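Step one of this worksheet: look at the structure below.
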Amino acid sequence: MDVISYSDARKNLKDVMDRVVADKNHVVITRQKAESVVMLSLSDWNALEETAYLLASPANAKRLRESIADFEEGGGTERDLIDP
Numbered sequence: 001m002d003v004i005s006y007s008d009a010r011k012n013l014k015d016v017m018d019r020v021v022a023d024k025n026h027v028v029i030t031r032q033k034a035e036s037v038v039m040l041s042l043s044d045w046n047a048l049e050e051t052a053y054l055l056a057s058p059a060n061a062k063r064l065r066e067s068i069a070d071f072e073e074g075g076g077t078e079r080d081l082i083d084p
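Residue 32 in our numbering sits at position 32 of the sequence shown, with consecutive numbering throughout.
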């Protein structure tokens with residue numbers, strides 16, 4: 001995660017936005033007399049929102065954790081993808 005000042009972000013806004021999207025990297029923008037902010041791509045934001053939604057239900061979060069644990073312990077089946 002990169003950290004830049006508000007002034008630098010303002011001077012190079014297009015380049016900063018392009019880098020955030022291309023590198024899939026968040027940028028912290030610091031401000032002198034206010035809380036810093038984070039710039040991230042819309043696709044990263046949507047992924048965070050989806051994750052929060054899926055984990056909001058305790059039952060769903062438990063099923064997801066159990067599925068991940070099962071996969072990490074060798075569970076799951078590898079299958080070939082079928083070309084459309």
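Glycine included, C-beta positions come from ideal geometry on N, C-alpha and C. All values reported here derive from a predicted model rather than from experimental measurement.
> Does DSSP put D23 in a helix, a strand or coil?
Replying inline: Helix.
> For D23, which of S43, E50 and Q32 has the nearest alpha-carbon?
Replying inline: Here the closest residue by C-alpha is S43.
>> Considering only DSSP beta bridges, list what T30 is partnered with.
In response: In DSSP, T30 forms a bridge with S5.
>> For A89 and L55, which I take to be in contact (beta-carbon distance under 8 Å), what is that distance rounded to the nearest angstrom?
In response: The requested residue 89 is not part of the displayed model; the chain covers only 1 to 84.
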